[in-house]
Amino acid sequence: MENGTVAEQAYTTYKPLLFSLAYRMLGSVMDAEDIVQDAFLSLDAAGPEPIRNLKAYLCRVVTNRCIDRLRSAQKQREVYVGPWLPEPLLTDGDPSGNPPEQYMLQESVSTAYLLLLQQLSSTERAVFLLREVLLYDYEEIASIVGKSQANCRQIFHRAKRSIGRSASFDSGGDVCLAAPRPAAGQEARQLIEGFLTALATGDVPKLLSSLSEDASLFSDGGGRVTAAVRPILGADRIIRFLTGLLEKSPPGFSYRPALVGGGPGLVTYIHGEPSSVMSFEVAGGQIRAIYIVVNPEKLQHVR
C-alpha cells in the first residue's frame, strides 16, 4: 500500500501519538509498543489503494487491537495477586522539539490517572482518551470506534461522570482513585526530593510532615516477588514499611531519581538490574499516594 519512504514518514509522524493512545489504554509499555508496531505492519496488508486518512486508519487499528487485548487479559486480571499497577513509563523530561515527550509529559500518564481509566470499559476508555486527551472531534472518534457521533457523545459523558466520582480502593485491594494529581511542578519535586532524602537519613519527623495522614501505599509484585498484597494505609505504617525495606536492602542496592509518568520518581537497582520503580501522587502540599512496581515482568523495559 505504501512505498518505503511514505511508510517511514508515517512511522516517524504518528508513532508518538499511537503509542500515547495505546499506553493509556493498556497501562503497559511493552504491549503498547507491540500493538503500534503491528499497526504499521498492517499497512502492508491494506491493499494497493491509498488510505484516505492515514492518521484515523492507524488510530482505529490501534484502538481495536487495544480493546481486543484488554478483553483477552480480563481473566488474568481477575486472578492477579495484590494491587495491579500500570507498567511505569520513564521519560527524560525534556519535551523541547521532541514529540514523544510532548505527548507523554502530561498528567494523563500518571499512575493515578491510568488507574482511574481502569474503571472504564474498553470502549469508554477509547472514546474518553480520544476526546479528552487527544482532542479529537466526535466525527473523528465515531470513525475510529465504529459508532455514531451521538453514541460517542453519550459514551464520553458517561465515562467522564464515572471518572469524576470520588473513590479510594475497594475491598479486594484494587486501586480506584479520583481526581488524580501527579507529582509535577517545582514544589512537588522539592517535596518528593525532601521525602526521599529523609527516608535515606531516617528523618522520621520530615517523613511524617511530607505524607498526608491518610496516605496510601500500593505495591505491585504480581505474586512473582515479595510485595505487600494489600494497600498500606496511614503515614505511620507507610514509614515503617519503607524504612523496613531500606534496612533489608541487599548487597548491590542503588537508586536514581527518574521522571515516572510525568512526575518525579525513583528507580532502584540490585547489582545494576532494575528492582523497583516508585511514583507519587501529591495533593495539598503533601504526598497522598505512593506506587511501587516490583513485578519483574513490568520492569523489563526499564534501564
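Taking UniProt numbering, the leading residue of the sequence shown gets 1, the next gets one more, and so forth.
Note that the Cβ used here is the ideal one computed from N, Cα and C, for glycine as well.
This one's a predicted model, so the numbers in the text were calculated from it and none came from an experiment.
Name the one or two DSSP bridge partners that G261 has. Paired residues: none, contrary to the question.
Are M25 and I67 touching if we call contact CB-CB under 9 Å? yes
Going straight from the alpha carbon of L17 to that of K248, what length do you get? 42 Å
Does the Cβ of P86 have 16 or more other Cβ atoms within 10 Å, making it buried, or fewer, making it exposed? buried
Please classify S254 as buried or exposed, where buried requires at least 16 other C-beta atoms within 10 Å of its C-beta. exposed
From L70 to F128, what distance separates their C-alpha atoms? 16 Å
Candidates S216, R230 and A215: which alpha carbon is nearest G222's? R230
To the nearest angstrom, how far is the alpha carbon of Y11 from that of R60? 15 Å
Taking the alpha-carbon positions, what's the R288 to V81 distance? 23 Å
So what's Q118 in DSSP terms, helix, strand or just coil? Reduced to three states, the DSSP call for Q118 is coil.
Segment limits, alpha helix (DSSP H) that includes A73: L54 to E78
Could you check if T226 is buried or exposed, using at least 16 other CB atoms within 10 Å of its CB as the buried criterion? exposed
In its own chain, which residues sit with a C-beta less than 7 Å from the C-beta of L242, not counting the 5 before and 5 after it? Answer for L242: L199, listed in chain order.
Which residues in the same chain as G202 place their Cβ atom closer than 8 Å to its Cβ, once the five residues preceding and following it in sequence are excluded? T243
Is it buried or exposed for E281, if we count other Cβ within 10 angstroms and need 16 for buried? buried
When DSSP builds the beta bridges, which residues end up paired with T268? For T268, the beta-bridge partners assigned by DSSP are Y255 and S276.
Does DSSP classify D220 as helix, strand or coil? In the three-state reduction of the DSSP assignment, D220 falls in the strand class, which pools E and B.
Keeping to the same chain, check which residues put their C-beta closer than 6 Å to that of L207; ignore five residues upstream and five downstream. So the list reads A198 and I239, once near-sequence residues are dropped.
Measuring CA to CA, which of L114, L21 and R303 is closest to A56? L21
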